[in-house]
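In terms of UniProt numbering, the sequence shown has 17 at position 17, counting the first letter as 1, and numbering is strictly consecutive. Ideal placement from N, C-alpha and C gives every residue a C-beta, glycine not left out.
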Amino acid sequence: MERKEIDVSLITPNKGQVPGLPRNPRLVKKERYEATRRSIEESPEMLELRELIVVEYMDGKYVVVCGNLRLRACKELGYKTVPCKVLPADTPAKKLREYASKDNINYGENDKDIIANEWAEFQSELADWGMEFDQPKPKDKFRERFEAMDNDSAVYPLIPKYDEKHELFIIQSSNEVDSNWLREVLDMQHMRSYKTGKVSKSNVISIQDFRDAITRGQKGAEQ
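Quick look at the structure:
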């Protein structure tokens, strides 16, 4: 692998222009970019220790495989050239994907939309290279049975869901502190409200609100 200083005007970020290498999926957050830029300002010698990895593209141009964020920072800092390790133009596309993916896994966070869409056909590779994917949410079997129920399978005729309201409990509060505490615990600064005929209800808490709050609490306790 050749190492050389390359004029920044000859290097472009990975935007999917290399066949077989989808667009760089790294999610660039403002604070992450500012930290990278500050690191280069304070310790420019680090660029010599960890060069950009680029691949020859066409007409003497190069595309970044690893180091898109550092290239952006260097350009904004006024660098004319940057140290690079150059991959030959005939490097297999799978190796390019591997280098880019492993670099992001170790040093950054990926944009899930880009991974889901532009890297969809390569997700088995990404998993082999260490990328973790969100696990599917467990199914709510009770809700599935309820949603599947109709008038033919129900013991009694079903009331349309949009009309179905049951007042199960009355929650009283002797002071505003208690009510504010409940809002905070349920993460509901704006309570629900609805109207049935001439009767309107406000500050309504649904069973689903409680279920969601309990679920969040259980997950927090497990962590």
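- By the beta-carbon neighbour count (other beta carbons within 10 angstroms, threshold 16), threonine 36 is buried.
- According to the DSSP assignment, aspartate 7 belongs to the beta strand (DSSP E) that extends over 2-7.
- Rounded to whole angstroms, the separation of the alpha carbons of proline 19 and leucine 96 is 10 Å.
- The criterion of a C-beta distance shorter than 8 Å is satisfied by valine 63 and glutamine 17.
- Glycine 217 and arginine 38 have their C-alpha atoms spaced approximately 38 Å apart.
- When the beta-carbon positions are compared, glutamate 41 and leucine 71 stay at least 8 Å from each other.
- Under the criterion of beta carbons closer than 8 Å, lysine 85 and glutamate 51 qualify as touching, at roughly 5 Å.
- DSSP places glutamate 56 inside the beta strand (DSSP E), whose first and last residues are 52-56.
- By DSSP's assignment, tyrosine 62 forms a beta bridge with Ile11 and Glu56.
- For proline 13, the closest alpha carbon among the candidates Leu47, Lys30, Leu49 and Tyr57 is that of Tyr57.
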